[in-house]
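**Student:**
Chains as they are written, first to last, in this note's numbering: chain E, 2 to 152; chain C, 116 to 150.
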């Protein structure tokens with residue numbers, strides 16, 4: 002139900018080359034061992050050198066999958082310091098998929114992205130204030146909780 | 116999750132990486148079980 006969805010296909014093809022491995026294919030066993038593969042679906046975001054920059058596993062319905070995948074692409078860009086590309090994808094998640102489980106991650110790392118791009122700016126504080134307001138029960142709220150402690 | 120999808124999956128690792136480089140994209144790797 003997920004892969005036939007148009008929103009999944011368009012988001013995937015706009016950002017990545019899709020590459021699939023059948024985990025019952027004996028020719029792939031050596032690669033699966035290197036990947037420490039344990040469960041399906043097992044999804045990894047790689048750069049063109051094959052370096053893994055993000056991963057998740059388990060089934061997700063289309064909207065949750067797209068949001069998670071876009072967060073994965075965004076993190077790959079963030080880790081390789083392509084801040085504009087990362088920001089564009091995090092903003093897209095928050096605009097189109099604000100109620101998904103991936104949205105708090107997008108809110109948290111949108112602040113991180115803008116901070117890493119401009120350490121003198123106020124965007125980290127502003128985005129984490131949004132996180133506290135919009136996603137108060139999320140794990141990502143805890144990750145910025147030190148900002149809520151008395152200084 | 117390979118349920119009749121219309122995604123043009125690459126099956127060759129080196130080709131996927133080469134395309135990612137030339138098209139300035141990432142690679143989305145999906146390990147699936149056909150059962």
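The C-beta atom is built at its ideal place from N, Cα and C for all residues, glycine as well.
1) What is the C-beta distance between residue 101 of chain E and residue 65 of chain E, in whole angstroms, given that I count them as a contact (C-beta under 8 angstroms)?
2) For residue 74 of chain E and chain C, any beta-carbon pair shorter than 8 angstroms?
3) Could you please tell me which residues of the segment 4-27 of chain E, in chain order, have their CB closer than 7 angstroms to any CB of chain C?
4) Does the distance from the C-beta atom of residue 44 of chain E to that of residue 35 of chain E stay below 8 angstroms?
5) Does the separation of the CB atoms of residue 133 of chain C and residue 141 of chain C fall below 8 angstroms?
6) With a threshold of 8 angstroms between beta-carbons, can residue 122 of chain E be considered close to chain C, or not?
7) Would you mind stating whether residue 141 of chain E and residue 106 of chain E have Cβ atoms separated by less than 8 angstroms?
8) Run through chain C and tell me which residues come within less than 9 angstroms of residue 34 of chain E, C-beta to C-beta.
9) So what's residue 117 of chain C in DSSP terms, helix, strand or just coil?
10) From the DSSP output, which residues share a beta bridge with residue 55 of chain E?
11) Let me know the secondary structure DSSP gives residue 147 of chain C once reduced to three states.
**Tutor:** According to the structure shown:
1) Confirmed, about 5 angstroms.
2) yes
3) 4, 5, 10, 13, 16, 17, 18, 19, 20, 21, 22, 23, 24 and 25
4) For residue 44 of chain E and residue 35 of chain E, no; Cβs fall outside 8 angstroms.
5) no
6) no
7) yes
8) None at all; the shortest Cβ gap to chain C is about 12 angstroms.
9) Unreliable placement is indicated for residue 117 of chain C, whose pLDDT of 46 sits below 50; the coordinate value is still reported in the next sentence. Coil at residue 117 of chain C, not helix or strand.
10) E:46
11) strand
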